[in-house]
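Have a look at the structure below, then the notes.
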Amino acid sequence: RIQLVIVLALVAIISIISVPRAVKLSRLSKAEHYALTISNAFQQYKADTGKECTSIESLLDSQDVSGWLGPYISRKVIKNPWGGTFAVDQKNKKIGIPIGDKAPDQYEFGGSEEISFSYDSPELTQNISTGQQ
22 RIQLVIVLAL
32 VAIISIISVP
42 RAVKLSRLSK
52 AEHYALTISN
62 AFQQYKADTG
72 KECTSIESLL
82 DSQDVSGWLG
92 PYISRKVIKN
102 PWGGTFAVDQ
112 KNKKIGIPIG
122 DKAPDQYEFG
132 GSEEISFSYD
142 SPELTQNIST
152 GQQ
């Protein structure tokens, strides 16, 4: 009986230690995936229209732009896992988490563990909707 209590206590301690780490890793993975998805969508927008995309919203609705074949992303991708939104750093041509967002500071633009992806690549990325180059 005492052995069962000890085992349950150990399981509880391990859970308390590992769950926050798993949540953190899950959020990081999702943030990286979403930022990369938006970055790829920016490149696809340019490939389709011949014009630079200037906002994340343009990926959802720019039907008045010649060649626009979107939407290029789903609305859920705009939100980062901490409840804030991704942003465009037009000066450095990258997608990431803006300063002052709900995310931890180190993941924001300029942070020590910045989560961002360039959308200024000379290579065309995969077409998001069809998976073709």
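In this text, residue positions in the sequence shown follow our numbering: the first is 22, and each later residue adds one. Just so you know, even glycine gets a beta-carbon here, dropped at the ideal spot from N, CA and C.
Reference residue i, options the options, closest by Cα
i      : options                          : result
Val86  : Pro119, Lys114 and Thr75         : Thr75
Asn101 : Glu129, Asp110, Gln111 and Ser79 : Glu129
Ile77  : Asp110, Gly71 and Ile35          : Asp110
Lys51  : Ser79, Leu81, Ile99 and Asn113   : Ile99
Thr106 : Lys97, Asn113 and Lys112         : Lys97
Ile94  : Pro125, Tyr55, Lys115 and Val44  : Tyr55
Glu73  : Leu57, Gly104 and Lys114         : Lys114
Thr58  : Leu31, Leu81 and Leu46           : Leu81
Cβ shell of residue i (< 7 Å), same chain only, five flanking positions each side left out
i     : result
Leu90 : Asp69
Leu10 : Residue numbering for the chain in the displayed model covers 22 to 154; residue 10 lies beyond these limits and cannot be assessed.
Gly88 : Asp69, Thr70 and Gly71
Backbone CA spacing between residue i and residue j [nearest angstrom]
i      : j      : result
Glu53  : Ser83  : 25 Å
Pro119 : Gln24  : 51 Å
Lys123 : Glu135 : 14 Å
Ala33  : Arg22  : 17 Å
Pro92  : Ile27  : 55 Å
Pro9   : Ser79  : The shown model of the chain, from 22 to 154, leaves out residue 9, and the question about it has no answer.
Trp103 : Arg48  : 8 Å
Val44  : Ser36  : 12 Å
Ser39  : Lys112 : 39 Å
Contacting residues, own chain, Cβ-Cβ under 6 Å from residue i (five flanking each side not counted)
i      : result
Ser133 : Gln127
Pro41  : none
Nearest-angstrom beta carbon gap, residue j and residue i [assumed within contact, 8 Å]
i      : j      : result
Ile108 : Gly117 : The residue asked about is misnamed: residue 108 is Ala in this sequence, not Ile. Indeed, because the Cβ distance is near 7 Å, the residues count as touching under 8 Å.
- Taking 8 Å as the threshold, find out whether the stretch 135 to 142 comes into contact with the stretch 49 to 66 through three or more Cβ pairs. yes
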